[in-house]
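First comes the structure, then the notes that go with it.
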Amino acid sequence: MSLDLDPADGDQARKTQGGVKPGQNVTVQLFVKGAPAVTGYTVRLEYDPKALRPGSFAAGTLVPGLIGLTNPASAGVVEVGGGSLAGTTGSGDGYLGSIPFQVQEGFSKQTYLAATQVVFRQAGGVQRTVQQRILGRLTEEEALTGDFTGDGNVNFDDFFAFAFAFGSKRGEPGFNPVFDLDNSGAVDFNDFFLFANAFGKT
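For reference, each letter of the sequence shown is one residue, going 1 to 202 in the UniProt record's numbering.
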């Protein structure tokens with residue numbers, strides 16, 4: 001399972017969101033790799049209730065026709081997921097869904113949230129539980145230009161992500177505005193020069 005704080009389509013693996021302020025909504029996207037054939041799933045998320053308030057889960061595309069559900073939040077824990085009433089299954093790599101969190105007045109400087117568990121519901125009622133801890137960091141500091149992975153460094157991981165997006169244009173499949181550093185509508189050499197100037201910064 002992976003967690004992405006980039007609202008654009010696809011898993012950009014962004015684990016840090018900068019420029020966060022009270023009243024703002026932050027979207028958490030959830031992805032999975034190598035899932036068994038499942039009719040539904042439940043993901044457990046942990047967060048600081050003084051800093052964040054969860055919204056409603058929007059189901060992804062892993063299981064066609066999945067009905068998304070959100071269990072009432074309790075003591076900094078919310079469970080999201082759903083199931084297919086028709087028994088439709090999905091497997092492999094895919095998008096589980098997304099949930100917004102509203103930043104509360106109790107937010108100060110930074111906070112963390114974590115995806116800690118996913119329960120897969122397989123055909124025949126069999127359940128498979130996978131426990132892990134994937135952290136997302138929300139900070140009031142503005143994001144570092146060129147830090148596409150959100151790890152606080154502009155390095156080769158960011159370069160390879162940028163290179164994959166290079167040449168894409170707004171309105172075309174695969175375009176991600178995160179890489180369009182000058183907001184021109186295209187990921188081109190102007191963006192590369194901006195990225196090169198930031199390379200190596202932390």
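Just so you know, even glycine gets a beta-carbon here, dropped at the ideal spot from N, CA and C.
Nearest-angstrom Cα separation, counted from residue j out to residue i
i	j	result
S84	G40	6 Å
P36	D6	26 Å
R133	Q24	25 Å
G185	T202	27 Å
F195	F175	17 Å
F199	F160	12 Å
P54	F107	14 Å
F162	D48	33 Å
V154	N197	10 Å
residue 233	E105	Any question about residue 233 goes unanswered here, given that the chain covers just 1 to 202.
V80	G10	19 Å
R128	V43	12 Å
A114	F189	36 Å
G167	V187	5 Å
L96	T149	20 Å
F179	G171	14 Å
Burial state of residue i, where buried means 16 or more other Cβ atoms lie within 10 Å
i	result
S98	buried
R14	buried
D182	exposed
V130	exposed
V103	buried
F193	exposed
T111	buried
Three-state secondary structure (DSSP) of residue i
i	result
P177	helix
A58	strand
F31	strand
N25	strand
L194	helix
G125	helix
A37	strand
A75	coil
A186	strand
Cβ pair count under 8 Å reaching 3, the region 68–76 against the region 121–141: no
Complete runs of the beta strand (DSSP E) confined to the region 84–123 [at least 3 residues]: 90–103 and 110–122
Cβ pair count under 8 Å reaching 3, the region 55–68 against the region 109–122: no
Contact between the region 4–23 and the region 138–152 (3+ Cβ pairs under 8 Å): yes
Every unbroken beta strand (DSSP E) within the UniProt region "Disordered" (1–21), with a cutoff of 3 residues, ordered by chain: 2–4
Complete runs of the alpha helix (DSSP H) confined to the region 134–167 [at least 4 residues]: 156–165
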